[in-house]
Structures are given as C-alpha cells and as structure tokens.
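Student:
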Amino acid sequence: MQTKFKLTAVALAWVASTAFAADPIKVGVAGPFTGGSSSMGVSMRDGVRLAADEINKSGGVLGRQLLLVERDDEAKNERGVQIAQELISKEKVVAAVGYINTGVALASQRFFQDAKIPVMNNVATGSVITHQFDDQPENYIFRNSAHDSIQAPMIVEEAITKRGFKKVAILADSTNYGQLGREDLEKALALKNVKAVAVEKFNIKDVDMTAQLLKAKEAGAEAVLTYGIGPELAQIANGMTKLGWKVPIVGSWTLSMANYIDNAGPGGEGARMPQTFIQEATTPKRKAFIDNYLKTFKPKNNRIDSPVSAAQGYDSVYLLAAAIKQAGSTDGPKIKAALEELKAPVDGVVTSYNKPFSKTDHDAITANIPVFGEVKGQRVVYAYADDQKKASEVRVKDANAKGALSQTKKP
Amino acid sequence: MQIFTQLLFSGIALGMIYAVIAFGYQLTFATSDTLNFGQGDALMLGALVGLTLVNLGVNYWLMIPLVCLFGAAQGAFVERIGVRPAIKIKSEFGWIMSTIALGIIFKNVAENVWGRDDLKFPSPLPESPMHFLGANVLPMEILVVVGAVLMMLAVEIFNRKSIYGKAVVATFNDRDAAKLMGINTGLVITFSYALSSTTAAFAGVLIAPLTLTGATMGAVLGLKAFAVAIIGGLTSGMGIIVGGIILGVAETTTGFYLSTGYKDVPGLVLLLIVLAVKPAGLFGKSAIKKV
Numbered sequence: 001m002q003t004k005f006k007l008t009a010v011a012l013a014w015v016a017s018t019a020f021a022a023d024p025i026k027v028g029v030a031g032p033f034t035g036g037s038s039s040m041g042v043s044m045r046d047g048v049r050l051a052a053d054e055i056n057k058s059g060g061v062l063g064r065q066l067l068l069v070e071r072d073d074e075a076k077n078e079r080g081v082q083i084a085q086e087l088i089s090k091e092k093v094v095a096a097v098g099y100i101n102t103g104v105a106l107a108s109q110r111f112f113q114d115a116k117i118p119v120m121n122n123v124a125t126g127s128v129i130t131h132q133f134d135d136q137p138e139n140y141i142f143r144n145s146a147h148d149s150i151q152a153p154m155i156v157e158e159a160i161t162k163r164g165f166k167k168v169a170i171l172a173d174s175t176n177y178g179q180l181g182r183e184d185l186e187k188a189l190a191l192k193n194v195k196a197v198a199v200e201k202f203n204i205k206d207v208d209m210t211a212q213l214l215k216a217k218e219a220g221a222e223a224v225l226t227y228g229i230g231p232e233l234a235q236i237a238n239g240m241t242k243l244g245w246k247v248p249i250v251g252s253w254t255l256s257m258a259n260y261i262d263n264a265g266p267g268g269e270g271a272r273m274p275q276t277f278i279q280e281a282t283t284p285k286r287k288a289f290i291d292n293y294l295k296t297f298k299p300k301n302n303r304i305d306s307p308v309s310a311a312q313g314y315d316s317v318y319l320l321a322a323a324i325k326q327a328g329s330t331d332g333p334k335i336k337a338a339l340e341e342l343k344a345p346v347d348g349v350v351t352s353y354n355k356p357f358s359k360t361d362h363d364a365i366t367a368n369i370p371v372f373g374e375v376k377g378q379r380v381v382y383a384y385a386d387d388q389k390k391a392s393e394v395r396v397k398d399a400n401a402k403g404a405l406s407q408t409k410k411p
Numbered sequence: 412m413q414i415f416t417q418l419l420f421s422g423i424a425l426g427m428i429y430a431v432i433a434f435g436y437q438l439t440f441a442t443s444d445t446l447n448f449g450q451g452d453a454l455m456l457g458a459l460v461g462l463t464l465v466n467l468g469v470n471y472w473l474m475i476p477l478v479c480l481f482g483a484a485q486g487a488f489v490e491r492i493g494v495r496p497a498i499k500i501k502s503e504f505g506w507i508m509s510t511i512a513l514g515i516i517f518k519n520v521a522e523n524v525w526g527r528d529d530l531k532f533p534s535p536l537p538e539s540p541m542h543f544l545g546a547n548v549l550p551m552e553i554l555v556v557v558g559a560v561l562m563m564l565a566v567e568i569f570n571r572k573s574i575y576g577k578a579v580v581a582t583f584n585d586r587d588a589a590k591l592m593g594i595n596t597g598l599v600i601t602f603s604y605a606l607s608s609t610t611a612a613f614a615g616v617l618i619a620p621l622t623l624t625g626a627t628m629g630a631v632l633g634l635k636a637f638a639v640a641i642i643g644g645l646t647s648g649m650g651i652i653v654g655g656i657i658l659g660v661a662e663t664t665t666g667f668y669l670s671t672g673y674k675d676v677p678g679l680v681l682l683l684i685v686l687a688v689k690p691a692g693l694f695g696k697s698a699i700k701k702v
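In structure tokens, the structure reads:
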C-alpha cells in the first residue's frame, strides 16, 4: 500500500514537473488602454505584443513561451492597485512591464516590490519611480523610458539656451505626472537663473484654457512649456489659436501623442518635445520594427499613435527576456539580479542596451539618448537636421551624461 | 478691461455649453420629477453619431436633424427601460440608479463602437477668431450661444402655445389630475425624455467642434450642467441660462484672477450657498410637497 502511494506520488510529481516546464512564462502588462492616455497605452501594448510574438516564434525563453496577461488600468491609481494584486496573487506573473501614468506606477508597484517581482516601467517618466524604494535593500523597479529629470532640463535647454527665450510660462495638468514635471521644470529653470513668469494648472477634461493662456500672455511669456497629456495639450494649442496668441510650445514627450496632433490640427504644428524614438527607419533594426508594427496593427495613415511608447514597450520585453535567460530561472530575485548585470548587450530599437542597469542605477535611458522631435505635417519628425543625419549612430547609455537633474528621493 | 472682456466672453460661451445640457435635466423634471443622469452620455452619443454622419459626407447642417431624431429615440428608450418601471411602482430612487446604469452602458457601447480616444470634430465654421470689443471670439462659440438660446426658446414656445405643450405643463402640475382629464401622462413623460435627449444630442453636435469628441466627454460636462440646473433652479428656463453663465464666468475669472488650481471652487461654493439659502434655485419656484 505504502509503496504504491509513494509510486503515485513520484508519478504525480513527475507529471507536475513536466507540465511545469511546458508552462508559459506569464508576464503582466498594465497600462491605460482607454481614456486620454490610451494612445500611449495601446501603442505600448502593441509594441510589447510584437516583441513577445517575435520571441515566441524563435522558441521562447528557456524553452517556454511568453504569455502576456494584459490589464487596462484606465490611468486610475485604484485600478492599478487592483491589477497589481490580481497579477501577483491570481495570475502569478514572473514580471510586469508597463505603466504609462506616474501616479498609477507609484501606487501599484509597491505590491510587486513586496512580492519581489521585477517591474519594467516602459513609459511612465516621473523621476521618483525608480527611487521609490531607495531605502530598501533590494529595488525591483526598473525603467527604460526617459525620466523627467532628463526631460525637464532638455526642455529648458531648448527653450532658454538654444532658442533664446527669456520669459517662459509653465502649463501643467493637475495629475501626479503634470505636477512632478512642473517641479522638475522649475528646478531646471532655476539652474539657468530663470523664473517662469507664470505657472498655471489645468484639469484633465478641461475644455477651456482661456484663463491659463491669458495669464501667460499677460506675463509676457515668449514660449509655453507644457507638462500634460494629449487632449488637454490640444486644447492649449486650440486656445492659443482662439486668442490669436501664438508662441512656441515646448514640452514633455507627450506632445508627440496622436491625440494631441490630431485634435490641435494646424494650431499644433511646431511643438517640440524630447523623444527617445522617432518613426523613421534610420537603422535596419528600426526599419524592421516599424514595418512589422505597421503591418500587424495597421494604424491610421501609417503613423504609430505613440512611437515612443511602442518602441519602449518593445524594448522592455527584450530586456526582460534577456534577464530571464541569463538568470536561467523565473524567480523574481534572480531576474532582478540578472537585470542589474546583464552580460550580453540587448539590441533594441531605442538604443543598444549595454549594461543598462546596475545595482544603484535602474534607469536605462540617460540624458544623451533622447533627441528633439517636432510636429510637422501631422507627424513627429526630427527637429534638428543634425540629429537626423546622425540618427543611424545608435546613442548608447552614458551614465556620466550631463544634463539630468540630480535625483533625490522625496519623502 | 480687454482681459476682462475676453474672460467674460469665454465664460459665457462655456456657460452656455453647460446651460444647454442643464436644459435637458429640466425637461424631464418638469413632467415626471425625475432626472436623466445619463444626460452627459446622451450628449456624447449625439456628438459621436453626428461625427460619424459628418465623416460619411453628410453636411453639418443636414446632420443636425438626423442627430435630433437619434436623440429622441435614445431618450424614449431610456424612459421605457429605466424610468417607467420605477415610476410605476412609485419608487423614489429606482430611476436614479437605472438612468446612471444606462448612462454607463451607453458609454461602454460608445467606447467599443468609436474607440476610446478623443476625436476631432470638423468645425462647420471658420476656425480663426473674430475680434469683438477688443476680445477674440470663435465663430463656433457664437453659434453655441445662438443655437442654445434658439433651442430653449423653441421648446418654451412649444410648451406654452401648443396643445401638446399644455399637456406637458398639466402633467407637471398634477400628474393624477392630468390623467383624469384624459391626458396620456405616460406618453407625455416618454415624450419629455425624448425631447430631453434630443436637446442633449443637439447640444452635443453644437459643442463638439469646441470641445473634443469622445466616449468620456459627457462625464464632466454632465456633472457641471447638473450644478447649473441646481443653481438656476430645476423649474426655470431663465434660471438655467443665468446659472450657466454664472458658473462659466466664475470659472474663467477665478482661473485668471485667483488661481487656475481653484477655478472649479467658486461655482461649487455657489452651489452649496444656493442649496442652503434657496433650495429651489435662484429662479426656481419652491413647491410645497403635500404628503
């Protein structure tokens, strides 16, 4: 009786282990697939799908297929929290990629941190995201998007130094994203001994920007620096047209969102923003990515809704896959350790990732990587011809790159 | 002064947007003492249906009557499904939940049909601003103000002059007595819902070129319009217009003179004051409810 029981147990264990080996590797994907941030969320998700597809076709990771568990966080903090808990305890994901909205990322990723599951933020840019758990010995939060402490100084450099504006106004939305960005902009301006002549706020879904724009105009602003998302940014451009007050808009990378470009129309032309990726086939890798994306998802007018999100989403999966492969395991702490010292370079579309992360540095993008994009003819193109000429030289991470604000953890 | 004129104009345009939506609340309240909390979503559906028609090549002005027809059907549907059962069993609150629920369903349907992004509604009028008293006004803003006033006038005249309008007024005054007088009150209530959603759909295509068009456009607007309806009084057409303008101008002027971070506060403070001092609204007639 007893031997029989043992045999059964062994048989069961064997069956279970083989079943386990064939099990797919579950990766959580969280982002806003609805609402005002959806052009970023959906492009990110499609980039992620594209990468996962390619990896699965070439045999998967550790002989297992990647299985994406996609959830729509609706850009709402509380949804993000629910999803994080669901992904961890019910779906048992080995890692998560995503997060578009800084607020959602900050609210949700603590659950992954507690569960020792790595998170790769591929779009959210709030500076604090990778520093939320600086006081803990192990940090499971990584990022491959250009954080605000890079973007804000770039915006200021462009407006104050390159284009010589002396008076600038800041218009930022009232979300975490807008307000953290506004702080960074003010800090970056202070480094140039400039103070914004007007600092204004607006809410998501506001339809009238007259008051904000009039204040900026009255203060004599020569340019408007923005931190917001597409639809409201479009209302700013439309409001300018209405007031007959046209000054250049320079702002965070969200000015490249399709819903800004489409809704602002001709009034939105000329806006400039830092971009990690511009939809131009400047290298064979980028060409393959763009062609594949257009073929698979068929976006309107062959324009990716948010090229940056798509490219970063795509790269995030490759980074993660490389780490799982190197770790030889789907164990959270081991993947994290592998991410912190990736041995083989990962060839992405934004850049070639050569040791993108270290124990203390969880940001893959440094100040030297993004370039300036400009809205022209309803697309985002290189703002500077020089950047475009040199675009085929992939800019790689330089940890000593100047231009980023020093990051301090906020209490 | 020039600044103030600009703020005033923008405030009036914004206020009239709120007022046209608030007008819809008033219409159903007038007959059945119920409100369609899905008013914002009726507006959104109107705008999106209008956008689809325009994209199919229908002229903007020809599209408006079609959208109004759609709105009427949608309103009648809401009344039959959501409100009538509640009125029948004399439920005090059933209609609140059912109109909200229908609103959410409409929003979800719209998200699946039209996608989740905000879309651009092509403007039927030139988009360059006109100069007026030293301030800039968009032709579309004038159209909103004129269209809103015309629509409200039309409905008011209908209610006061036509026999059908009298039935509506009678139903409001005393539903049971009206029934005894041979008025089909059920039909009148359905009609008022159809009319209410018609105005919402009309408001939708009117304001869509100014705001952005999308499945979520109704939420904030519907809520602000509700505040307008409360401030102005749920029984007064005049009150709706005045309430709308007050809220709109309060928003733009506070935004400029105080802080854009506080621009929604004065309107809501006003709402609280009105509720405390004159619960029927600035222009509303306070009715004594006999139990």
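Chain order of the listed sequences is A and B. For what it's worth, our numbering labels the leading residue of the first sequence as 1, then goes sequentially. For what it's worth, our numbering labels the leading residue of the second sequence as 412, then goes sequentially. Even glycine gets a Cβ: it sits at the ideal position worked out from N, Cα and C.
1. So which residues on chain B does residue 35 (chain A) lean against when the C-beta distance must stay under 7 Å?
2. Quick one: is residue 131 (chain A) buried, meaning 16 or more other Cβ sit within 10 Å of its Cβ, or exposed?
3. If the criterion is Cβ atoms closer than 8 Å, does the pair residue 252 (chain A) and residue 155 (chain A) meet it?
4. Buried or exposed: where does residue 345 (chain A) fall if 16 or more other Cβ atoms within 10 Å of its Cβ makes it buried?
5. What does residue 38 (chain A) touch in chain B if you count any residue whose Cβ is under 9 Å from its own?
6. In chain B, which residues lie less than 8 Å from residue 243 (chain A) when you measure between Cβ atoms?
7. Against residue 666 (chain B), what residues of chain A qualify as contacts under a CB-to-CB distance less than 7 Å, listed in chain order?
8. Within a Cβ cutoff of 6 Å, which residues of the same chain sit near residue 421 (chain B), ignoring the five residues on either side of it in sequence?
9. Do you know offhand how far residue 127 (chain A)'s Cα is from residue 149 (chain A)'s?
10. Using the three-state DSSP reduction, which class does residue 275 (chain A) fall into: helix, strand or coil?
11. Buried or exposed: where does residue 527 (chain B) fall if 16 or more other Cβ atoms within 10 Å of its Cβ makes it buried?
12. Kindly indicate if chain B contains any beta-carbon less than 8 Å away from that of residue 207 (chain A).
13. Please tell me whether residue 231 (chain A) has its Cβ less than 8 Å away from any Cβ of chain B.
14. Going by other Cβ atoms of all chains shown within 10 Å of its Cβ, with 16 needed for buried, is residue 180 (chain A) buried or exposed?
15. At least one CB of chain B closer than 8 Å to the CB of residue 215 (chain A): is that the case?
16. Is residue 555 (chain B) helix, strand or coil by DSSP?
17. Is it buried or exposed for residue 673 (chain B), if we count other Cβ within 10 angstroms and need 16 for buried?
18. Please say whether residue 237 (chain A) and residue 169 (chain A) have beta carbons closer to each other than 8 Å?
19. What residues from chain A crowd round residue 425 (chain B), counting only those whose CB sits closer than 9 Å?
20. Quick check on residue 93 (chain A): buried or exposed, where buried means 16 or more other Cβ atoms within 10 Å of its Cβ?
21. Which term fits residue 299 (chain A), buried or exposed, when burial requires 16 or more other beta carbons within 10 angstroms of its beta carbon?
22. In the DSSP assignment, find the alpha helix (DSSP H) that holds residue 226 (chain A) and state where it starts and stops.
23. Return the residue from the list B:597, B:616, B:427 and B:455 that minimises the CA-CA distance to residue 439 (chain B).
24. Quick one: is residue 227 (chain A) buried, meaning 16 or more other Cβ sit within 10 Å of its Cβ, or exposed?
25. Let me know the secondary structure DSSP gives residue 624 (chain B) once reduced to three states.
26. Nearest to residue 542 (chain B) by CA position, among B:533, B:534, B:552 and B:535, is which residue?
27. Please report the distance separating the alpha-carbon of residue 562 (chain B) from that of residue 576 (chain B).
28. So what does residue 363 (chain A) bridge to, in DSSP terms?
29. Put residue 380 (chain A) into one of helix, strand or coil per three-state DSSP.
Tutor: To lay it out plainly:
1. If you number the first sequence from 1, residue 35 (chain A) lands on position 35. Under a criterion of Cβ atoms nearer than 7 Å, the residues of chain B adjacent to residue 35 (chain A) are, in order, 527 and 627.
2. Along the first sequence, one-based indexing puts residue 131 (chain A) at 131. Burial call: buried.
3. Against the first sequence, residue 252 (chain A) aligns to sequence position 252. Against the first sequence, residue 155 (chain A) aligns to sequence position 155. Yes, the pair counts as a contact, with Cβ atoms nearer than the cut-off.
4. As a first step, residue 345 (chain A) is located in the first sequence; it is residue number 345 there, counting from the start. Exposed.
5. In the first sequence, residue 38 (chain A) corresponds to position 38, counting from 1. Neighbours of residue 38 (chain A) on chain B, chain order: 526, 527 and 528.
6. Residue numbering aside, residue 243 (chain A) sits at position 243 when the first sequence is read from its first letter. By Cβ distance, chain B contributes 417, 540 and 547.
7. The count along the second sequence starts at 1 and reaches residue 666 (chain B) at position 255. Correct list: 211 and 212.
8. If you number the second sequence from 1, residue 421 (chain B) lands on position 10. So the list reads 663, once near-sequence residues are dropped.
9. Indexing the first sequence from 1 puts residue 127 (chain A) at position 127. Indexing the first sequence from 1 puts residue 149 (chain A) at position 149. Going by the C-alpha atoms only, they are around 6 Å apart.
10. In the first sequence, the residue the question calls residue 275 (chain A) occupies position 275. Note: residue 275 (chain A) maps to strand in three-state DSSP.
11. Indexing the second sequence from 1 puts residue 527 (chain B) at position 116. Classification for residue 527 (chain B): buried.
12. Position 207 of the first sequence holds residue 207 (chain A). Yes, residue 207 (chain A) counts as interfacial toward chain B.
13. Here the question's residue 231 (chain A) lines up with position 231 in the first sequence. Taking Cβ atoms only, chain B reaches closer than 8 Å to residue 231 (chain A), which makes this a yes.
14. The residue labelled residue 180 (chain A) in the question sits at position 180 within the first sequence. So residue 180 (chain A) counts as buried.
15. The residue labelled residue 215 (chain A) in the question sits at position 215 within the first sequence. Chain B contact via Cβ: present.
16. Taking the first residue of the second sequence as 1, we reach residue 555 (chain B) at position 144. It is helical.
17. If you number the second sequence from 1, residue 673 (chain B) lands on position 262. Exposed is the label assigned to residue 673 (chain B), since fewer than 16 other Cβ atoms lie within 10 Å of its Cβ.
18. Taking the first sequence and counting its residues from 1, one reaches residue 169 (chain A) at position 169. Taking the first sequence and counting its residues from 1, one reaches residue 237 (chain A) at position 237. No, these two residues do not count as a Cβ contact at 8 Å.
19. Against the second sequence, residue 425 (chain B) aligns to sequence position 14. Neighbours of residue 425 (chain B) on chain A, chain order: 207, 208 and 210.
20. Translated into the one-based positions of the first sequence, residue 93 (chain A) becomes position 93. Label assigned to residue 93 (chain A): buried.
21. Translated into the one-based positions of the first sequence, residue 299 (chain A) becomes position 299. By the 10 Å Cβ count, residue 299 (chain A) comes out buried.
22. The residue labelled residue 226 (chain A) in the question sits at position 226 within the first sequence. Not the alpha helix (DSSP H): residue 226 (chain A) falls in the beta strand (DSSP E), residues 223-227.
23. Along the second sequence, read from residue 1 onward, the residue named residue 439 (chain B) stands at position 28. Distances from the CA of residue 439 (chain B) to each of B:597, B:616, B:427 and B:455 were compared; the closest alpha carbon is that of B:597.
24. Here residue 227 (chain A) refers to the residue found at position 227 when the first sequence is read from its first residue. Here residue 227 (chain A) is buried, its C-beta having at least 16 other C-beta atoms within 10 Å.
25. By 1-based counting over the second sequence, the position of residue 624 (chain B) is 213. Note: residue 624 (chain B) maps to strand in three-state DSSP.
26. By 1-based counting over the second sequence, the position of residue 542 (chain B) is 131. Closest by alpha carbon: B:552.
27. On the second sequence, residue 562 (chain B) is found 151 positions in, with the first residue counted as 1. On the second sequence, residue 576 (chain B) is found 165 positions in, with the first residue counted as 1. Their backbone Cα atoms lie some 15 Å apart in a straight line.
28. As a first step, residue 363 (chain A) must be located in the first sequence, where it is residue number 363. In DSSP, residue 363 (chain A) forms a bridge with A:143.
29. As a working note, residue 380 (chain A) is residue 380 in the first sequence. Strand at residue 380 (chain A).
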